[in-house]
Amino acid sequence: DARVTQTPRHKVTEMGQEVTMRCQPILGHNTVFWYRQTMMQGLELLAYFRNRAPLDDSGMPKDRFSAEMPDATLATLKIQPSEPRDSAVYFCASGLVVGHDTEAFFGQGTRLTVV
Amino acid sequence: AQSVSQHNHHVILSEAASLELGCNYSYGGTVNLFWYVQYPGQHLQLLLKYFSGDPLVKGIKGFEAEFIKSKFSFNLRKPSVQWSDTAEYFCAVRRDTGRRALTFGSGTRLQVQP
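Chains as they are written, first to last, in our numbering: chain A, 1 to 115; chain B, 1001 to 1114.
Have a look at this one:
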């Protein structure tokens, strides 16, 4: 049963600390998305990779957030330094773009609390 | 940029009632349309999707949605809801070409009372 795996599932950290969230996309998928979910803003796209190259990270605060794909099996989202307003659930999703037909499969999310 | 509107923020129904959740999008080009469901504490799961062809699409768990291009709408329906349908429902839109990321609506929280 192929699935997107995210670690950690929960993270509580103090303001100013570095946070790294990891995502293992479904094997063979060539597209990875990072979304952030909050009560106020709903689901917001942070970053979007195709074949490990960033295609769109306009939704990501560049001063503190960074997203990378060191290899095809790992995507990371890093916040440094973290702030209380970063508290949210961060979802990773992956998909296989073949022509026009694709769908995104979501991971379980990382619930981040910055105190 | 495209946007998605879900006008019903919170819907409360009794079991066996019929459901219709509204979704409208703003984008003049060809789009792909999706409905995702998020059960409490869970991740998003795909209910159904529309890429092309028959505008009435059937998904899992008895859900269906109708794409009405002239109205820029993709409403979700279910004839008879169950308590287990209690969840948050998200409509999402993606351009058919170019930027392939999903744009989500704000979600509709459905509460089904037994």
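Heads up, the beta-carbon is just placed ideally off N, CA and C, and yes, glycines get one too.
Considered as a whole, the segment 46 to 78 of chain A harbours 53 to 56, 65 to 71 as its complete beta strand (DSSP E) runs of no fewer than 3 residues, in chain order. Taking a Cβ-Cβ threshold of 7 Å, the residues of chain A close to A1101(B) are F33, L45, Y48, D56, in chain order.
In summary, N51(A) is exposed, with fewer than 16 beta-carbon neighbours lying within 10 Å of its beta-carbon over all protein chains present.
DSSP places R85(A) within a helical segment (H, G or I) once states are collapsed to three. Neighbours of E83(A) in chain B, taken as residues whose beta carbon is under 7 Å from its own, are absent, since the nearest beta carbon is some 24 Å off. For G1053(B), the closest Cβ of chain A is not nearer than 8 Å. K1049(B) sits close to V1057(B), with the two beta carbons spaced by under 8 Å.
In the displayed model, S1005(B) falls within a strand according to three-state DSSP. Looking at F1090(B), D1085(B), A1101(B), the one whose alpha-carbon comes closest to that of A1016(B) is D1085(B). Under the three-state reduction of DSSP output, S1018(B) falls in the coil class, being neither helix nor strand. S1052(B) sits in coil when the DSSP states are folded into three classes, being neither helix nor strand. A distance below 6 Å between beta-carbons, with the five flanking residues on each side excluded, links T7(A) to the following residues of its chain, in chain order: R22. Straight across, the Cα-Cα distance linking N1032(B) with E83(A) is about 35 Å.
H1043(B) places its beta carbon less than 8 Å from that of Q108(A). Of S94(A), A104(A), P70(A), L77(A), the smallest CA-CA separation from K62(A) is found for L77(A).
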